[in-house]
Structure formats: C-alpha cells, structure tokens
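Per UniProt numbering, numbering of the sequence shown is gapless, rising by one per residue and ending at 331.
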Amino acid sequence: MATSENFDIAHLGGVELFTPKFEESLHFFRDLLAMREVARIGDSAYLRCWDEYQLYTLKLTASDTNGVGRTLYRASGLEALERRVAAIEKSGLGHGWRDPEVGVGRSYEFEDPDGHLMGIYYDTELYVADDEDRPALKNQASAFPGRGVNVRRMDHINYLAADVNAAGEFWRDVMCARESERVRLDDGRFGAWWFRFNQKSYDVVYSDDWTKQRGRFHHFALAPDTREDILKAADIFLENGVHIEYGPYKHAINQTFFLYVWEPGGNRIELANAGARLILDPDWPVVEWTQAERAKGQAWGMKTIPTFHTHGTPYVEGQEELDRKALAGEL
C-alpha cells in the first residue's frame, strides 16, 4: 500500500550533461530542439523546454569528456525534503548540503550506489517570460517556439549501472519511489528497473551496463506533444547529420513512443511521447518481464539495438569498437 513517503519526490528537476563539443551540442539543444538558453555561467549554458515552470531543464557543461553530471530532484515540500535527506544520510551515501545555485535553493547532495551524483531540493525559481517569450495563454510557462522539435518538458532519465539491483533497491527503499516495471534476467538479477514519482509511468530508470563500469549515463528523455512531432524530429535529425540510433517506434515496456539519437557530444538523447499512458492507481503492482519476453523485441516486434547495452557516456576505452562488435553480434 502506498504511503505519504512514496510522494516525497515531486519530479526530476534538472540534468547536467558534459560535452567535449560544446558549440555543436549547444546548437543541437538550442536550435534543433528549440530549447531556450536562459543563463551562461563559466563553462555551462542553462537551457529550458518551453513549458517547464522552473528556470531551466538542462545544464550543458563544456568538458574533455561526456556523460552525466549532477541530477537534481525536487521534493514535494520541506518536510518531504527532510525525510528523504534523513534516509539518505542513514544509507551512508550523503555528501551534505550545498548553497543555492542557478534556479534552485539549498540542495542536499548525494550519490546512488553506482556513483551517479545527485541532489534533492525544494526551493526553486519560477521562470518568468519576457516580452520575447510571453505566451498567449497564461496557463503555460512561455511561448510555443514553433520551430525545430519543440520539446515541451523533460520526461525521465536512464542511468547505466554495474549493479541494477543495488541501484534499484536504493530508489525503492531510500528514496521511496514506486516501481512500475522491471526485467528479471535468467540468473535472477534485474536487467532494468523503472520507477515513478506520481502518475507518469516512469521518471528514473536503471539499465544493465555490459561494460560493468560505474557511474555511466544511458539517456535523458525530452517530450514533445505528439507522436507526429517525433516523426518530424527524425526528419530534422536526418537533414542535420545527427546520428539516429533507434526508432521511431513504440516500446513494449511502459508503451512510450520513442526516438533515440546521439547528440554531437556523444550523449544519447530520447524524444519520448509517454504522456498518453498514466498510472492512476497509487498501489499499481510492478509489472515484471522475463528475459525471454524482452528478447521478443519492442511493442510491434522490432528488436532492441545491441548498442543500447554498450553505448554509454563517459566512453570506456575502445567504445567505438565495442559498439561495432555489439552491432555485429560479436558480444
């Protein structure tokens, strides 16, 4: 039975991505996805989807590598924040409080069992549209861009993990997120595990990293309005030389309509239309898939591309060859 603690996290609050090709990555998010740059501090650009209520969605940071930096999560209130911080501290994975920064107030920094850096906060800065960005409808955060992919909001984040079980148990038992679906491998381990905070079917995912490295990134998903927007996005990426890895297609798990691409810095980005399927039952039982069921492919039969289990960021040594072997069926 669901308890109040299962609702302590409101939503994914913001994601930092590292890129070794800053200008090219900035063009991808700002010009092709139609995200707006709202701040530039040091080596980082802060960008937002047009209907996020908070100041920014993505912190894009120039680096000599790629991968995910700190992921922020917003608590549903101050008491919820205190409960989750206490639980994190008890787990031994807490780093301590951080001062307010761009868009958010004081946050508590921690890591998951796989070494991904995270933070939880409550105080936030609301986005205030200027004359250039003021919407015609007062119940949306800013004007509809009307160009590129027109991503509306962030949807979810998927981390690679050397030990999916440990990472998933942390989110279930310490963060009190609710499970939605999972894949149990023939050896008893979980190959992937999906968690949700509210009515959306998932917000955080862990996938098995075949390289068995820790702290790597699988993908970050952004949501346009419709399936048709994702089909249009595929044409936009084709015309702009963006590598299309997988899709457009429909997932079996959680039934998301998807398209996966590699942005110029090498990070995998998903365009996802997941809003059609909501889980309204607070006690919805977790749906478990077997390894054989997952091997059947996605909803309409397309097989999962092998690089889904090898390509991650930051790159491991020989990443390009590893991806090639996966595609060739040599792993």
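Cβ coordinates follow ideal geometry from the N, Cα and C atoms, glycine included.
Residue i, DSSP secondary structure in three states
| i | result |
| --- | --- |
| Thr313 | strand |
| Lys303 | coil |
| Gln140 | coil |
| Ile279 | coil |
Through-space distance from residue j to residue i, alpha-carbon basis
| i | j | result |
| --- | --- | --- |
| Leu26 | Glu270 | 16 Å |
| Leu327 | Ile305 | 7 Å |
| Asp131 | Ala141 | 13 Å |
| Gly13 | Gly103 | 10 Å |
| Asn198 | Leu322 | 37 Å |
| Glu320 | Thr310 | 10 Å |
| Arg216 | Gly67 | 7 Å |
| Phe258 | Ala274 | 8 Å |
| Glu23 | Tyr73 | 27 Å |
| Asp173 | Gln298 | 29 Å |
| Trp289 | Val183 | 5 Å |
| Thr19 | Glu317 | 17 Å |
| Arg227 | Thr256 | 10 Å |
| Lys232 | Asp225 | 12 Å |
| Phe28 | Ala62 | 14 Å |
| Val164 | Asp114 | 9 Å |
Same chain, Cβ closer than 7 Å to residue i, neighbours up to 5 away in sequence not counted
| i | result |
| --- | --- |
| Gly148 | Asp31, Leu32, Leu33, Ala34, Ile236 |
| Met1 | Asp283 |
| Asp229 | Val149, Asn150 |
| Asn240 | Leu32 |
Run of the beta strand (DSSP E) containing residue i, from where it starts to where it stops
| i | result |
| --- | --- |
| Phe110 | 107 to 111 |
| Leu117 | 117 to 121 |
| Arg147 | Counting along the chain, Arg147 falls outside any beta strand (DSSP E), and DSSP gives it neither H nor E. |
| Glu288 | 287 to 290 |
| Arg98 | 94 to 98 |
Distance cut-off 6 Å: residue i Cβ against heavy atoms of the ligand GDP
| i | result |
| --- | --- |
| Val151 | Of the ligands one can find in the structure shown there are none, so the ligand GDP has no counterpart to examine. |
Close beta carbons around residue i, own chain, < 8 Å, minus the five adjacent residues each side
| i | result |
| --- | --- |
| Trp284 | Arg178, Ser180 |
| Val205 | His156, Ile157, Asn158, Tyr159, Ala192, Trp193, Trp194, Phe195, His218 |
| Thr57 | Gly14, Val15, Met35, Leu47, Arg48, Cys49, Arg153, Met154, Leu222 |
| Leu78 | Tyr122 |
| Arg40 | Tyr46 |
| Ala75 | Asp8, Ile9, Ala10, Leu81, Arg84, Ile120, Tyr121, Tyr122 |
Boundaries of the alpha helix (DSSP H) in which residue i is found, first to last residue
| i | result |
| --- | --- |
| Thr27 | Correcting the residue identity first, residue 27 is His in this sequence and not Thr. His27 -> alpha helix (DSSP H) spans 22 to 27. |
| Met321 | The sequence given here places Glu at residue 321; Met does not occur at that position. It spans 319 to 327 - the alpha helix (DSSP H) in which Glu321 sits, taken as one unbroken run. |
| Glu132 | Glu132 -> no alpha helix (DSSP H), and no H or E assigned at all. |
| Ser91 | 78 to 91 |
Other residues of its chain near residue i: CB distance less than 6 Å, five sequence neighbours each side excluded
| i | result |
| --- | --- |
| Ala221 | Asp155, His156, Glu270, Ala272 |
| Trp210 | His309, Thr310 |
| Asp112 | Ala167, Phe170 |
| Ser91 | Val174 |
| residue 332 | Lying outside 1 to 331, the shown extent of the chain, residue 332 is not represented and no answer is given. |
Counting only runs that start and end within the UniProt domain "VOC" (153 to 274), where is the alpha helix (DSSP H) found for 4 or more residues in a row? 164 to 173, 227 to 239
Hey, which unbroken runs of the beta strand (DSSP E) at 3 residues or more fall wholly within the stretch 6 to 74? 9 to 19, 36 to 41, 44 to 48, 58 to 62
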